[in-house]
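Asker:
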Amino acid sequence: MKSTRTRLDRFMSQHLGIKRQKIRLLLAQGRIVVDGCIAGDAQQTIHQFSHVIFDEQVLQDHKPYYVMMNKPKGVVSATKDQHHKTVIDLLKRKNCHTLHIAGRLDFNSTGLILLTNDGRWSRELSIPENKIYKCYRIEVEKPLDESYIRAFSQGIYFNYEGITTRPAALNIISSHICEVSLTEGRYHQIKRMFGQFQNKVLELHRLSVGNLSLDRHLLPGQSRELSKIEINTICRTEGRIN
Ligand code: URA
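Start counting the sequence shown at 210; every next residue gets the next number (this note's numbering).
(1) Report whether the distance from the Cβ of S318 to the nearest heavy atom of ligand 1 is below 8 Å.
(2) Considering only heavy atoms of ligand 1, does any lie closer than 8 Å to the CB of R375?
(3) Relative to the C-alpha of G320, which residue among P281, Q269 and P273 is closest?
(4) CA-CA distance, G226 and Q405?
(5) For a test of your reading of the model: does the CB of K351 fall under 8 Å from any non-hydrogen atom of ligand 1? Yes or no.
(6) Only counting the same chain, and skipping five residues up and downstream in sequence, which positions put a Cβ closer than 6 Å to that of F220?
(7) Around the C-beta of Y396, are 16 or more other C-beta atoms found within 10 angstroms, so that it is buried, or is it exposed?
(8) Does the distance between the C-beta of G371 and the nearest non-hydrogen atom of ligand 1 fall short of 8 Å?
(9) Check whether the Cβ of L416 lies closer than 8 Å to any heavy atom of ligand 1, and answer yes or no.
(10) Out of K228, V389 and P273, point me to the one whose CA is closest to E472's CA.
(11) Please go through the same chain and pick out, in chain order, the residues whose beta-carbon is closer than 6 Å to the beta-carbon of I381, but skip the five residues on each side of it.
(12) Can you determine whether any heavy atom of ligand 1 sits closer than 8 Å to the C-beta of H397, and answer yes or no?
(13) Tell me the residue span of the beta strand (DSSP E) that contains F263.
(14) K282: beta carbon under 8 Å from a heavy atom of ligand 1?
(15) Find out if the Cβ-Cβ distance for the pair V410, I365 is shorter than 9 Å.
(16) I'd like to confirm something about K400: is its beta-carbon nearer than 8 Å to some heavy atom of ligand 1, or not?
(17) For S362, does the count of other Cβ atoms within 10 angstroms reach 16, so buried, or fall short, so exposed?
(18) Identify every run of the beta strand (DSSP E) within the stretch 387-442, keeping only runs that are complete inside it and at least 3 residues long; order them along the chain.
(19) Report the three-state DSSP secondary structure of E232 (helix, strand or coil).
(20) Do the CB positions of K343 and T288 come within less than 9 Å of each other?
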């Protein structure tokens, strides 16, 4: 994803169409306001959501959005699709076309999906080293046993990429149902992990991402904005044992 950070002088010169050297004069005259403060440093970092005013004219005023949806089956995790409904089509709110998906789910997978226009936030969620666990409830075709727990925790080798998956926790709930927690999001990862056992995934439902669980009041297809607390605590790892 393209960087959304730039220096103030570069930002101003792009917006006003004047040379960067001239920006220093505007700064000295106190004509540029960033996030409510008169700017003085040409090297100040401007990010996607910095509020920038020049001579009382608003140059940038983007609001960050963070949305959770209960994804139904038969909907594509994409912003556009020629043949099927997408999660963006289901949103039906203004600005929805500025959002991107933070962690896709397959066409027939269901549950928690996050959408945002904040690239930094979604990147944080996807970096395996950050240990943001995504937890899924899964129903499979054939009975489960202890060997799955061992294999998932040791990692499973994917021939195509030549990699071994990071340790994943598998908790058997009943003969054909389990919960799996993992920190990666490779293409069809869980289906391929069960594929090594020739065991087909019948249902795959995402329950949580980090500290954020799917709101049980959301029916399939429904969505809501995240609260400030949810946005800020989703990645928090204090107190976790891993
Ligand atoms: N793993 C899969 O195989 N599918 C999903 O939708 C999510 C994780």
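Even glycine gets a Cβ: it sits at the ideal position worked out from N, Cα and C.
Answerer: On the basis of the supplied data:
(1) yes
(2) no
(3) P281
(4) 57 Å
(5) no
(6) I255
(7) exposed
(8) no
(9) no
(10) The structure shown does not extend to residue 472, since the chain is modelled only from 210 through 451, so no value can be given for it.
(11) L353 and C387
(12) yes
(13) V261 to F263
(14) no
(15) no
(16) yes
(17) exposed
(18) 410-418 and 432-434
(19) In the sequence under discussion, the amino acid at residue 232 is Ile, which differs from the Glu named in the question. In the structure shown, I232 sits in a helix (DSSP, three-state: H, G or I).
(20) no
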